[in-house]
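Participant: Each residue of the sequence shown is one higher than the last, beginning at -15 in our numbering.
Ideal Cβ placement from N, Cα and C applies to all residues, glycine included.
The structure presented is a predicted model; accordingly, all values stated were derived computationally and were not measured.
Provided herewith is a single structure, encoded as structure tokens, for subsequent inquiry.
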Amino acid sequence: MRVGVVGATGLIGGELLKALDRAPWRPAEVVPLASSRSSVSTVRYGDADIAVDNLGEEVLGDLDIAFFATQPEVAKTVGRAAAAEGVAIVDCSGGLAGDGPLVVPWLNPAALRDDPRILVLPSPAALAVASVLAPLRRAGLTAQAEATVLLPASTEGRAGLEELSRQVVALMGGGTPPRKVFPRGLAFDLVPQVGTASAEGWTPRERSVSAQVAELCGGPPPDITLVQVPVFSGVCAEVRLRGRFDPAEMAKMLEAGGLRVHSENTDRNVPRSRNVEGRPFADVGRIRVGADATWMWVALDNLSATAAAAVGCGGLLARALT
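Here is the structure:
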């Protein structure tokens, strides 16, 4: 099995290499690929440092599976060309949305029944919300949902992390912060509207997350509000279900879906971005009942979760190919 990782020098690419090294179907040969603009010449896979190949010079048709952890535009062009040559594709960028089913192996495995050759992963925001709604809906709790999702800088890739760091340093030193990734700034602030809103007040990105959650979980699409926050990694969300439900029963449903539920409502026990690092699945806490709704708090390591979902998809493709 010859597996390529396009965007191997980026945040998700690095997590993919670590997840592939731990995978039950661990590929013996991995080909790291990046654009000629990348300044990183080698990446680590297992005990070896592997040279990074120039994406523009590699013959992708020689690969069995290719992971795309790069800009959506690259997946649209290079990914489609590779798929046309028979390469199985796992798209982490969203650039191939519509070319194959949206899949997270532990949430909607039925999407694989038609043996597709292109699998597309949801955005980190959709993955966080779907992680709690999917097991609840499988258990019969189909109430209308809404969520406010807090996006870290890492959802904008390595450029987002680096710009947030530089903004903090500049503002602390009285300098002018860079504002390319986050034009209105992010350090010591937050961005309550991610993108340009329509006349109805929703942004295209919010609508996209809502549609992805509905595709993963079934049922009515939830209303989603996205907020960019000045943390480096870890997606958090406040999810609200219409109706009053028993927290203990909800906790059982969520735990049956593989989530870790923090039942003690203490400030030390609420899942946060920092204490879910390295975990591929979501943590849930603060399940509480209001006058006409039930609320819960969700935290997810967006990098580890995306890599785990991608490698899980790759394993399904590898099994189909062998």
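Which whole-angstrom value is the C-beta distance of residue 80 and residue 59, which I expect to be below 8 Å?
Facilitator: Within the sequence shown, the letter at position 96 stands for residue 80. Within the sequence shown, the letter at position 75 stands for residue 59. Between residue 59 and residue 80 the Cβ distance is about 5 Å, and since that is below 8 Å, they are a contact.
Participant: Would you identify the three-state DSSP class for residue 184, choosing helix, strand or coil?
Facilitator: Indexing the sequence shown from 1 puts residue 184 at position 200. Three-state DSSP puts residue 184 in coil, outside helix and strand.
Participant: Identify the continuous beta strand (DSSP E) that holds residue 16 and give its terminal residues.
Facilitator: As a position in the sequence shown, residue 16 is number 32, starting the count at 1. For residue 16, the enclosing beta strand (DSSP E) stretches over residues 13 to 18.
Participant: Does the Cβ of residue 52 have 16 or more other Cβ atoms within 10 Å, making it buried, or fewer, making it exposed?
Facilitator: In the sequence shown, counting from the first residue as 1, residue 52 sits at position 68. That one is buried.
Participant: Cα separation between residue 218 and residue 95?
Facilitator: As a first step, residue 218 must be located in the sequence shown, where it is residue number 234. As a first step, residue 95 must be located in the sequence shown, where it is residue number 111. So the alpha carbons of these two residues sit roughly 27 Å apart.
Participant: Quick one: what does DSSP say residue 40 is sitting in, helix, strand or coil?
Facilitator: Against the sequence shown, residue 40 aligns to sequence position 56. In the three-state reduction of the DSSP assignment, residue 40 falls in the helix class.
Participant: Does the beta-carbon distance from residue 65 to residue 38 come in below 9 Å?
Facilitator: Numbered from its first residue, the sequence shown carries residue 65 at position 81. Numbered from its first residue, the sequence shown carries residue 38 at position 54. Result no, Cβ atoms of residue 65 and residue 38 do not sit closer than 9 Å.
Participant: Where residue 304 and residue 105 are concerned, what is the direct C-alpha to C-alpha distance, given to the nearest angstrom?
Facilitator: Taking the first residue of the sequence shown as position 1, residue 304 is located at position 320. Taking the first residue of the sequence shown as position 1, residue 105 is located at position 121. Roughly 18 Å between the two C-alpha positions.
Participant: Could you give the distance in angstroms between the alpha-carbon of residue 147 and the alpha-carbon of residue 201?
Facilitator: As a first step, residue 147 must be located in the sequence shown, where it is residue number 163. As a first step, residue 201 must be located in the sequence shown, where it is residue number 217. The alpha-carbon atoms of residue 147 and residue 201 are separated by roughly 34 Å.
Participant: Please name the residue, chosen from 225, 78, 169 and 68, that lies closest to residue 126 on a Cα-to-Cα basis.
Facilitator: Residue numbering aside, residue 126 sits at position 142 when the sequence shown is read from its first letter. Nearest of 225, 78, 169 and 68 to residue 126, Cα basis: 225.
Participant: Would you report the Cα separation of residue -9 and residue 16, rounded to the nearest angstrom?
Facilitator: Against the sequence shown, residue -9 aligns to sequence position 7. Against the sequence shown, residue 16 aligns to sequence position 32. Here the C-alpha atom of residue -9 lies approximately 8 Å from the C-alpha atom of residue 16.
Participant: Between which two residues does the alpha helix (DSSP H) harbouring residue 5 extend?
Facilitator: Within the sequence shown, the letter at position 21 stands for residue 5. Start and end: -5 to 6.
Participant: Alpha carbon to alpha carbon, how far is residue 307 from residue 195?
Facilitator: With the chain covering -15 to 306 only, the question about residue 307 has no answer from this structure.
Participant: Quick check for students: name the residue ranges of the alpha helix (DSSP H) that lie wholly in the stretch 193 to 273, counting only runs of 4 or more.
Facilitator: 231 to 240
Participant: Classify residue 156 as helix, strand or coil using the three-state DSSP reduction.
Facilitator: Here residue 156 is taken as the residue at index 172 of the sequence shown, counted from 1. Reduced to three states, the DSSP call for residue 156 is helix.
Participant: Return yes when the Cβ of residue 222 is within less than 9 Å of the Cβ of residue 132, no when it is not.
Facilitator: Walking along the sequence shown from the start, residue 132 turns up at place 148. Walking along the sequence shown from the start, residue 222 turns up at place 238. Going by C-beta atoms, residue 132 is nearer than 9 Å to residue 222.
Participant: Please go through the same chain and pick out, in chain order, the residues whose beta-carbon is closer than 6 Å to the beta-carbon of residue 298, but skip the five residues on each side of it.
Facilitator: As a working note, residue 298 is residue 314 in the sequence shown. Around residue 298: 49 and 74.
Participant: Find out if the Cβ-Cβ distance for the pair residue 269, residue 292 is shorter than 9 Å.
Facilitator: Reading the sequence shown from its first residue, position 285 is the one you call residue 269. Reading the sequence shown from its first residue, position 308 is the one you call residue 292. Not closer than 9 Å, so no.
Participant: On the DSSP bridge list, what partners appear for residue 298?
Facilitator: Locating residue 298 in the sequence shown gives position 314, where the first residue counts as 1. DSSP lists no partner for residue 298.
Participant: Cβ of residue 22 within 9 Å of Cβ of residue 56?
Facilitator: Looking up residue 22 in the sequence shown gives position 38. Looking up residue 56 in the sequence shown gives position 72. Contact: no.
Participant: If contact is defined by three or more beta carbon pairs under 8 Å, each pair taking one atom from either stretch, is the stretch 147 to 156 in contact with the stretch 257 to 273?
Facilitator: no
Participant: Just to confirm the assignment: which complete alpha helix (DSSP H) runs, minimum length 4, are found wholly within the stretch 49 to 121?
Facilitator: 64 to 68
Participant: Cutting at 7 Å between CB atoms, please list the residues of its own chain near residue 294, excluding the five before and the five after it.
Facilitator: As a working mapping, residue 294 is identified with position 310 in the sequence shown. Counting only Cβ-Cβ distances below 7 Å, and skipping sequence neighbours, we find 0, 51, 74, 76 and 105.
Participant: On a Cα-Cα basis, can you pick out the residue from 167, 143, 164 and 172 that is closest to residue 155?
Facilitator: If you number the sequence shown from 1, residue 155 lands on position 171. Ranking the options by Cα distance to residue 155, first place goes to 172.
Participant: Would you kindly report the start and end of the unbroken beta strand (DSSP E) that includes residue -12?
Facilitator: As a first step, residue -12 is located in the sequence shown; it is residue number 4 there, counting from the start. Boundaries of the beta strand (DSSP E) around residue -12: -14 to -10.
Participant: Using 10 angstroms around the beta-carbon of residue 238, count the other beta-carbons present and answer buried if the total reaches 16, otherwise exposed.
Facilitator: The residue you call residue 238 lines up with position 254 of the sequence shown. Counting Cβ neighbours within 10 Å, residue 238 comes out buried, since at least 16 surround it.
Participant: How is the beta strand (DSSP E) around residue 28 delimited, first residue to last?
Facilitator: Against the sequence shown, residue 28 aligns to sequence position 44. In the DSSP assignment, residue 28 falls within the beta strand (DSSP E) that extends over 26 to 29.
Participant: Between which two residues does the beta strand (DSSP E) holding residue 279 run?
Facilitator: In the sequence shown, the residue the question calls residue 279 occupies position 295. Per DSSP, residue 279 belongs to the beta strand (DSSP E) from 277 to 284.
Participant: Distance check for residue 6 and residue 29, CA to CA, integer angstroms please.
Facilitator: Sequence index remark: in the sequence shown, residue 29 carries index 45 (1-based). Sequence index remark: in the sequence shown, residue 6 carries index 22 (1-based). In a straight line, the C-alpha of residue 29 is about 10 Å away from that of residue 6.
Participant: Is residue 256 close to the ligand GDP? I mean its beta-carbon at under 8 Å from any heavy atom of the ligand.
Facilitator: Although the ligand GDP was asked about, the structure shown includes no ligands whatsoever.
Participant: Assuming residue 131 is part of the beta strand (DSSP E), what are its boundary residues?
Facilitator: If you number the sequence shown from 1, residue 131 lands on position 147. Per DSSP, residue 131 is one residue of the beta strand (DSSP E) stretching across 129 to 135.
Participant: Quick one: is residue 285 buried, meaning 16 or more other Cβ sit within 10 Å of its Cβ, or exposed?
Facilitator: As a position in the sequence shown, residue 285 is number 301, starting the count at 1. In this structure residue 285 is buried. Its beta-carbon is surrounded by 16 or more other beta-carbon atoms within 10 angstroms.
Participant: What does DSSP give as the partner residue(s) for residue 165 in the beta ladder?
Facilitator: The sequence position of residue 165 within the sequence shown is 181, counting from 1. None, per the DSSP bridge assignment.
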